[in-house]
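Residue numbers for the sequence shown follow the numbering used here, so the first one is 8 and each next one is one higher.
To start, the structure itself, in structure tokens.
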Amino acid sequence: MHPNLADLFVVRSLEGVRWRSLPQGRTNILLAVIFLSFVPVMNLFQSNQLEFAWWVEINTNIPRCIYYFGPFDSEKEAQLYKGGYVEDLYQEEARDIVALVKQCQPDVLTIFQEKLEVLSGT
């Protein structure tokens, strides 16, 4: 008679991996251990889906635009690069520049004046 798959467990040895039958009544314990060993991995994937990357968001009035630069792995990294993006936009004659670092997932990296007017209703 062949044991059920749930009644087998893996034994590591010097020769490799082999299957071995569990004693009666130990199946549920093994399944619980296997399940619990995957819980932190499942939580890791779930938390990654909920967290957004760090981005530099820059608003300018001249021209009237919103720019997104990123993604960055950390807030510190985004802060490090923020000044360079502001300087580049200033050199391209952008004015009234406001820059901030935030976690988000922008759909569009540059939003131009026409789109801002449609969104604001003006």
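Cβ coordinates follow ideal geometry from the N, Cα and C atoms, glycine included.
Quantities reported herein were computed from a predicted structural model and do not represent experimental measurements.
In the three-state DSSP reduction, residue 60 falls in the coil class, being neither helix nor strand. Membership of residue 107 in any alpha helix (DSSP H) is not indicated; the residue belongs instead to the beta strand (DSSP E) covering 102–110. Looking only at 106, 111 and 118, the smallest Cα-Cα distance to residue 58 is reached by 111.
Contact check for residue 73 and residue 64: beta-carbon distance about 7 Å, within the 8 Å limit, so the pair qualifies.
The C-beta distance from residue 106 to residue 69 rounds to 15 Å, too long to meet the 8 Å contact threshold.
The continuous stretches of beta strand (DSSP E) do not include residue 70, and DSSP gives it neither H nor E. Ranking 62, 116, 66 and 118 by CA distance to the CA of residue 78 puts 62 first. When the Cα atoms are used, residue 90 and residue 76 turn out to be separated by approximately 11 Å.
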